[in-house]
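J.: Numbering of the sequence shown is given in the numbering used here, commencing with residue 960 and proceeding in unit increments. One structure follows; several queries about it will come next.
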Amino acid sequence: MKNKLFNVIFPIWFLIIFPMSWIIVLPANYIIDSVIFLCSIKILKISNIKEMYKKCILKIWIVGFVADIIGSVILLIPQLLPQNEIFEDIIRASIANPFDNITGFLFVTFAFLLSAVVIYFLNLKYTFKKVDVDNKIKVKIAVILAAFTAPYFFFYPTNPNFLKSEVNRVEEHIICEYIDMENI
């Protein structure tokens, strides 16, 4: 692969190639984190919402970026290792389409789950360390944040030809079925 390091999955390559995208990504992540955090503390009936929000939201936002970066680095590692068939499957899945092959899908899923676990543990141990609520509530909020702010974009096919190729594949299948039916 000629352009290995430039094909890392969003947002790393996107944010490097299009630095202006930070203007959108940073506030968007902040808003998403805020909505999820506020909804979770409201659902869990925490009384001091404003105070807890002020203490935690910046840390939650930072933890989300740290987790995304860790997952992105995991996805980058196979591109830095000597190539073989398994790494090619993993690279193809992490660059273009995670649903391309099972090996790649499992690897992308591992990076995704690792990011979610990082979100959970860092929020539980770092973000909520000095927050005055019951530990069970802290665990619930950390689980909610991990579940809803994990990097689902890892599974988004970044290959611009993905949809086109899928449509072509379906069309070919339909045509073959039609031709087979005519031959009956």
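Ideal Cβ placement from N, Cα and C applies to all residues, glycine included. Bear in mind the structure is a predicted one, so any value in this text is a computation, not a measurement.
Out of curiosity, what's the CA-to-CA distance linking residue 1098 and residue 1083?
T.: Residue 1098 and residue 1083: Cα-Cα distance of roughly 6 Å.
J.: When you compare the region 1092-1112 with the region 999-1016, are there three or more beta-carbon pairs, one atom per stretch, that lie closer than 8 Å?
T.: At 8 Å Cβ cutoff, the stretches touch.
J.: With 16 as the cutoff for other CB atoms within 10 Å, does residue 1020 come out buried or exposed?
T.: Buried, since its Cβ has 16 or more Cβ neighbours within 10 Å.
J.: So within the region 994-1045, which uninterrupted beta strand (DSSP E) runs reach at least 3 residues, ignoring any that extend past its ends?
T.: Listed in chain order, there is nothing to give.
J.: Suppose you measure from the CA of residue 1146 to the CA of residue 1096; what does that come to, to the nearest Å?
T.: Look at the range of the chain in this structure, 960 to 1143, and you will see that residue 1146 is not part of it.
J.: Within the continuous alpha helix (DSSP H) that includes residue 1094, where are the two ends?
T.: Its alpha helix (DSSP H) spans residues 1094-1108.
J.: Under a CB-based cut-off of 7 Å, is residue 1081 close to chain C?
T.: Going by chain labels, chain C is absent from the structure shown, which holds only one protein chain.
J.: Do the CB positions of residue 1062 and residue 1048 come within less than 7 Å of each other?
T.: Going by C-beta atoms, residue 1062 is nearer than 7 Å to residue 1048.
J.: Can you grab the Cα-Cα spacing for the pair residue 979 / residue 986, in whole Å?
T.: Spanning the two alpha carbons is a distance of roughly 12 Å.
J.: Assess contact between the region 1010-1027 and the region 1069-1083, defined as three or more Cβ pairs (one per stretch) separated by less than 8 Å. Is contact present?
T.: A contact exists between the region 1010-1027 and the region 1069-1083.
J.: Please report the straight-line C-alpha distance between residue 1116 and residue 1100, rounded to a whole angstrom.
T.: Looking at the two C-alpha atoms, the distance is approximately 30 Å.
J.: Out of 1054, 1079 and 1081, point me to the one whose CA is closest to residue 1112's CA.
T.: That would be 1054, whose Cα lies nearest to the Cα of residue 1112.
J.: Quick check on residue 979: does DSSP put it in helix, strand or coil?
T.: Helix.
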